[in-house]
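In the working numbering, the protein residues as written are 349 to 616.
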Amino acid sequence: MSDDEEETTYQIRDPARGSAGKALIINVLNKSSSLFRVGSSNDVMKIKEVLEHLNLKVVLAQSEDPTAQEIKDEIKKFRESLKTEFEGREGDFDMVAICLMGHGEEGIIYGQDLRNVDLRGDVFDAFSNKNCPVLSGKPRLFFIQACRGDKEDEGIDGSSTIKRGRGTDHPPNQPNQRQKRKAALDDTVRAYSCLENYVAFRSQKGAHFIDSIHQVFLKHATEEENIDKLLKRVKRKLDKKFVDKDVFPTCEYRSSLSKDLYFKPKST
């Protein structure tokens, strides 16, 4: 088959044929410290509603406030469940999604014990074609709600400042424990709540990024709009939330998809 004749769209099943895949949600509340992530329980409910709308079976982490090791264990357990359920039956599912929410730095998310989970080594690579062969050729979606640094974008005339506390997902400075990065994965979308080296913002009701995903995907995730268009809508929605503010948080996504991804959501 020539390049022109190859499929250009991932095959996602209609809900009438069953679930399109599985999703994992891990949220770190930090409920017992001054780093409590106010509103993050709302984030869990919102992203769960989105993923179920996309016809995915959602798995919630056993702990609502996991340590770094517990996060790693949840990732491994979810990966092994994919192998157990679908090895030799790869045609029985179409995609997976993983949502991680907590305090963070660039390339890192923290457990409630403030020990680090390396996004590349501990999360993304866990679902590579090598480490999880049943996912070969299938889209993998990662939603990361966490700060990636301590900068705030104050506009073209502003200077970067550092603010921490309940308004951001950035913890006090931690020792640099990051591991060496590896090559990017195939067939993945990694959606981040902020740009590299910047903070992510939240309100008393939850994270602005997650709320924007919730509003956009429930309304526009159809067979007419692929994930690229949806995530651009999310960015515009987030921009509007801060049009009259002194800071300008910018979400971003990185894609290694080789095809267009359209969802076939459940009827509402």
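The beta carbon of each residue, even a glycine, is placed where N, CA and C say it ideally should be.
| said: So for I558, helix, strand or coil by DSSP? | reply: helix
| task | Could you have a look at R365 and say whether DSSP puts it in helix, strand or coil? | result | helix
| Quick one, are the C-beta atoms of H401 and F565 less than 9 Å apart? | yes
| field | When G450, I558 and F549 are compared against D594, the one with the closest alpha-carbon | value | F549
| request: Evaluate R365 with the Cβ neighbour count: other Cβ atoms within 10 Å of its Cβ, from every protein chain shown; 16 or more gives buried, anything less gives exposed. | output: exposed
| task | Determine, using beta carbons only, whether S541 and C599 come nearer to each other than 9 Å. | result | yes
| Secondary structure of T357, DSSP reduced to three states | strand
| message | Less than 9 Å between the beta carbons of K612 and N403, yes or no? | response | yes
| message | Can you give me the C-alpha to C-alpha distance between V358 and D442, rounded to a whole angstrom? | response | The sequence given here has Tyr at residue 358, not Val. Approximately 8 Å, taken between the alpha carbons.
| task | Starting from the C-beta of E544, find all residues in its chain whose C-beta is less than 6 Å away, skip the five residues before and the five after it, and write them out in chain order. | result | E454 and R496
| What number of angstroms, rounded off, separates the C-alpha of E418 from the C-alpha of S411? | 8 Å
| Who are the Cβ neighbours of L578 in its own chain at under 7 Å, not counting the five residues just before and after it? | V564, F565, H568 and A569
| Of the choices H556, S604 and G459, whose alpha-carbon is the least far from that of P414? | G459
| field | Spatial distance of K396 from I561 (CA atoms) | value | 11 Å
| field | Proximity to K420 [Cα-Cα], best of I374, V537 and K370 | value | I374
| field | Minimum Cβ-Cβ distance from F557 to chain D less than 9 Å | value | Here chain D cannot be found, since the structure has a single protein chain.
| Nearest to R427 by CA position, among P481, S389, N390 and D440, is which residue? | P481
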